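Colleague: Have a look at the structure that comes next, please.
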Amino acid sequence: MAGRFITFEGIDGSGKSTQARMLAETLGARGIDVVATREPGGSPGAEQIRALVLEGDPDRWSAETEILLFTAARRDHLERLIDPSLAAGKAVVCDRFADSTRMYQGLRGPGLREIVDQLHALMIRREPDLTFIIDMDPSKGHARAKGRQTAEERFEDFGADLQVRMREGFLALAEDEPGRCVVIDGDRTPEDVASDVLRVALDRLA
Ligand code: ADP
Ligand code: TYD
906 MAGRFITFEG IDGSGKSTQA RMLAETLGAR GIDVVATREP GGSPGAEQIR ALVLEGDPDR
966 WSAETEILLF TAARRDHLER LIDPSLAAGK AVVCDRFADS TRMYQGLRGP GLREIVDQLH
1026 ALMIRREPDL TFIIDMDPSK GHARAKGRQT AEERFEDFGA DLQVRMREGF LALAEDEPGR
1086 CVVIDGDRTP EDVASDVLRV ALDRLA
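Take the sequence shown: its position 125, counted from the start at 1, is 1030 in the numbering used here, and no numbers get skipped.
See the structure below:
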């Protein structure tokens, strides 16, 4: 597990944060040095960008500007936390990473996915060793996400249509990159999902 980078992806409310936390706790309890983090955010500067991008009016930023903001946040997170932690031999478990930009911004209009990919190639480059795609029916995920009360609502009201396309996008990504991505059925108890996640992580990375 040393120096391995694990990410969790999926639509809002699929249970990524819960699973990222559970995996980090389990690995930590087994004596593995783990850093648990999230995007957008994970470093002080990136957390400030998080507040800019997730709060306020839904039309506050264009999709293009969002691509720049999420990538800027990711670059800071990478420089200050992810890369140094991996270099120190720690395992890094991250709730969302570049696949979220590929889907959430990349699917919002023609040509946007290319911009996401080009900016990633220019500024980020790193890919996780293992990505869990927590799969979930969008209406169930939406109901779960709506149950939380936060100021971070800019993204909570994407139409059902876009949520369906993002779910399909995440599943297509997993098909394209089977060496990196594993799809996990998120519509079960947190403990059942977590035991699948742990088994795959140990199989693939230990
Ligand atoms: P995400 O990070 O994907 O948005 P969270 O882990 O924050 O999802 O979970 C969203 C909500 O659903 C939270 O209130 C959480 O407690 C709940 N939840 C998470 N996993 C499950 C599960 N397997 N079954 C039922 N509820 C869950
Ligand atoms: P997150 O806090 O993980 O929300 P949730 O727990 O509801 O899944 O992420 C906040 C929102 O930011 C989420 O709606 C997805 C969005 N997002 C992007 O649009 N692009 C990105 O690159 C990232 C990392 C997140």
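We put the CB at the ideal spot given by N, CA and C, even for glycine.
Predicted, not measured: the structure shown is a model, and the values here were computed from it.
Given a cut-off of 8 Å, decide if Asp1042 and Lys921 are closer than it, judged by their beta-carbon atoms.
Modeller: Reading the sequence shown from its first residue, position 16 is the one you call residue 921. Reading the sequence shown from its first residue, position 137 is the one you call residue 1042. In this structure, Asp1042 does not lie closer than 8 Å to Lys921 by Cβ.
Colleague: Which residues in the same chain as Ile1029 place their Cβ atom closer than 7 Å to its Cβ, once the five residues preceding and following it in sequence are excluded?
Modeller: Here the question's residue 1029 lines up with position 124 in the sequence shown. If we look at Ile1029 and ignore the five residues flanking it on each side, its Cβ neighbours are Thr976, Arg979, Arg980, Leu983, Ala1003.
Colleague: So is the beta-carbon of Arg1053 under 7 Å away from any non-hydrogen atom of the ligand ADP?
Modeller: Here residue 1053 refers to the residue found at position 148 when the sequence shown is read from its first residue. It does: the Cβ of Arg1053 is within 7 Å (strictly closer) of some heavy atom of the ligand ADP.
Colleague: When you compare each of Gly994, Met927, Trp966 to Arg1104 by their alpha carbons, which one comes out closest?
Modeller: Position 199 of the sequence shown, counted from the first residue, corresponds to residue 1104. Measuring from the Cα of Arg1104, the nearest candidate turns out to be Met927.
Colleague: On the premise that Met906 lies in contact with Leu1035, defined as a C-beta separation below 8 Å, what is that separation, rounded to the nearest angstrom?
Modeller: Position 130 of the sequence shown, counted from the start, is the residue given in the question as residue 1035. Position 1 of the sequence shown, counted from the start, is the residue given in the question as residue 906. In fact, because the Cβ distance is near 10 Å, the residues do not count as touching under 8 Å.
Colleague: Where Gln1068 and Ser1044 are concerned, what is the direct C-alpha to C-alpha distance, given to the nearest angstrom?
Modeller: Taking the first residue of the sequence shown as 1, we reach residue 1068 at position 163. Taking the first residue of the sequence shown as 1, we reach residue 1044 at position 139. The C-alpha of Ser1044 is placed about 9 Å away from the C-alpha of Gln1068.
Colleague: Touching or not, the region 936-944 and the region 1066-1080, by the rule of three or more beta carbon pairs under 8 Å?
Modeller: no
Colleague: The alpha helix (DSSP H) that contains Thr1036, what's its start and end?
Modeller: As a position in the sequence shown, residue 1036 is number 131, starting the count at 1. Looking at the DSSP string, Thr1036 is not in any alpha helix (DSSP H); the run it does join, the beta strand (DSSP E), is 1035-1040.
Colleague: Return the bridge partner residues of Asp1000 from the DSSP annotation.
Modeller: Position 95 of the sequence shown, counted from the start, is the residue given in the question as residue 1000. BP columns for Asp1000 point to Phe913, Arg943.
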